[in-house]
Amino acid sequence: MGVSGSGKSTIGKGLARRIGAAFLDADDFHPPENVARMAAGKPLTDDMRWPWLDRLVTEVGSVGGDRDVVLACSALRRSYRNHLRRGIANLILIYPDAPRTLIQSRMAARAGHYMPLALLDSQFATLEVPTPDEGAITVSVDQPVDAIVAQLAEAISG
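Quick note: the sequence shown uses this note's numbering, first residue 1160, plus one each step.
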């Protein structure tokens, strides 16, 4: 969970490979109108997010079965995370903590993604950093991806 450009997809794909889980990127499940709105530099409203979050719960359930699923999803607000937690059994939150300057440089260099750099401020304004009672695993992204993945694989296995 985290803002765009924080490394959710890269870390999530690596973690899924490492632990033999399926990988889903929540960005792939936005309806076209959500994508168009974000591409135009406009943040989503809660009314636009709830159906998307419902779809994510359904998708994780249909892919998962007895298999673990790694879902890369912004889940910026606690209420969104709680919604996912109610629908997804054994949800483990991972928060890649990245400085804004690093995220800005990543987003500026990224090609082919609909999320413009202009929306980063609204993402940070919306972000509710997970509190200790949520039990999220916070990982610093100032290290190589392989090191992050190894750290997370160890954390979730114990």
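Backbone N, C-alpha and C fix where the C-beta goes; we use that ideal spot for every residue, glycine too.
Continuous alpha helix (DSSP H) stretch holding residue 1285: start and end | 1279-1285
So, using beta-carbon positions, are residue 1189 and residue 1211 closer together than 8 Å?
-> yes
Which first and last residues belong to the beta strand (DSSP E) in which residue 1231 is found?
-> 1228-1231
Hey, could you find the ends of the alpha helix (DSSP H) residue 1308 is sitting in?
-> 1304-1316
Would you give the residue range spanned by the beta strand (DSSP E) that residue 1288 belongs to?
-> Neither: residue 1288 is in no beta strand (DSSP E) and is coded neither H nor E.
What did DSSP end up calling residue 1255 once you bin it into helix, strand or coil?
-> strand
Would you call the CB atoms of residue 1160 and residue 1240 closer than 8 Å?
-> yes
Ranges of the alpha helix (DSSP H) found wholly within the stretch 1161-1232, counting only runs of at least 4 | 1167-1178, 1191-1198, 1205-1223
So what's residue 1262 in DSSP terms, helix, strand or just coil?
-> helix
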